[in-house]
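Numbering (this note's numbering), first residue to last: 3 to 204.
The beta carbon of each residue, even a glycine, is placed where N, CA and C say it ideally should be.
Here the structure is a predicted model, which is why all the values come from computation and not from measurement.
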Amino acid sequence: MAGPGATQLSFAPGRIVPIPASIPHEAGDMVDSRIIANLRWIAQRYPIYVTDGYSGKLPGGGEHVGCHGCHTTGSDHHNGLAVDIVPINGGIRCDRTWTAISRLAHWAEPSQNRPLPPFRWVGYNGDSGHGCGHHLHLSWEHAIVPQFRLAEWVEVFPVAFQGVAPKPQPKPKAAPKPKPPAGPPGGISSAGRTGGVSLHGD
Ligand SMILES: [Zn+2]
3 MAGPGATQLS FAPGRIVPIP ASIPHEAGDM VDSRIIANLR WIAQRYPIYV
53 TDGYSGKLPG GGEHVGCHGC HTTGSDHHNG LAVDIVPING GIRCDRTWTA
103 ISRLAHWAEP SQNRPLPPFR WVGYNGDSGH GCGHHLHLSW EHAIVPQFRL
153 AEWVEVFPVA FQGVAPKPQP KPKAAPKPKP PAGPPGGISS AGRTGGVSLH
203 GD
């Protein structure tokens with residue numbers, strides 16, 4: 003699978019929300035609601051277990067969520083736009099249980115320090131305190147914002163299927179079919195008689 007593809011900016015108002023059960027995670031973890039669909043998409047394809055999302059006092063002066071003093075100043079965890087990931091049944095050694103997480107890291111950042119949009123920073127092999135056997139950090143590009151606040155916009159990759167029945171794509175409306183001209187069965191030899199209506203117009 004080659005990268006997340008085209009992305010878009012979400013200006014929808016964000017909220018810090020609990021990570022839903024469809025995305026395996028440590029109890030109590032929360033993120034900005036606008037990256038949930040991307041996380042769910044990832045969780046459907048990679049055996050992820052989120053160990054930390056939002057970290058800090060909730061915007062608006064709420065309670066503390068996530069780990070304490072565990073992320074650097076300016077970390078995207080302080081805006082709910084980063085997650086730390088380990089394999090769901092993995093250990094603390096870089097072994098086979100990490101293979102899929104390494105694939106995910108490579109999908110998000112095929113070459114070191116050049117994360118593909120919408121990712122702002124990918125922490126894995128080659129990044130201190132990250133990597134196979136430790137954890138994968140993914141953060142999403144977003145508007146500049148002070149910590150413990152919600153960003154005005156977040157860059158995400160579009161996800162068509164978000165866990166609800168997809169809307170059937172409306173078929174392009176075809177012009178009403180002209181009545182086939184009466185003619186001999188099996189014969190369409192009489193273009194001259196149909197008044198110029200094309201039989202192949204649709
Ligand atoms: Zn992190």
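Can you tell me which of the three DSSP states residue i falls into?
i	result
I37	helix
H108	helix
D129	coil
G94	Here residue 94 turns out to be Ile, not Gly, going by the sequence shown. Note: I94 maps to coil in three-state DSSP.
P168	Per-residue confidence for P168 stands at a pLDDT of 48, beneath the threshold of 50, marking its modelled position as unreliable; no derived number is given.
D86	strand
R42	helix
H73	coil
H144	strand
A4	coil
P80	Rather than Pro, the amino acid found at residue 80 in this sequence is His. Helix, per DSSP.
P15	coil
Cβ atoms of residue j and residue i: under 8 angstroms apart, would you say?
i	j	result
I44	D34	no
V214	E154	The displayed coordinates of the chain run from 3 to 204. Any statement about residue 214 would go beyond what the structure contains.
L83	W123	no
F159	N40	yes
C72	G135	no
Y126	L118	no
Q114	G128	yes
T9	P112	no
Taking the continuous beta strand (DSSP E) assigned at residue i, which residues delimit it?
i	result
T53	I50 to D54
V161	V161 -> no beta strand (DSSP E), and no H or E assigned at all.
V19	I18 to P20
Q10	Q10 to S12
My assumption, with CB atoms under 8 angstroms, is that residue i sits in contact with residue j. Please give the rounded CB distance.
i	j	result
Y51	V88	5 angstroms
F150	G58	5 angstroms
S24	R42	6 angstroms
W109	G5	6 angstroms
G16	L152	5 angstroms
Y56	H79	7 angstroms
I38	P61	Going by Cβ atoms, the distance from I38 to P61 rounds to 17 angstroms, so no, they are not a contact pair.
P26	I103	Actually they do not touch by this definition, with Cβ atoms about 12 angstroms apart.
V67	M32	5 angstroms
Taking 8 angstroms as the CB-CB limit, is residue i close to chain D?
i	result
V85	Here there is only one protein chain, and chain D is not present.
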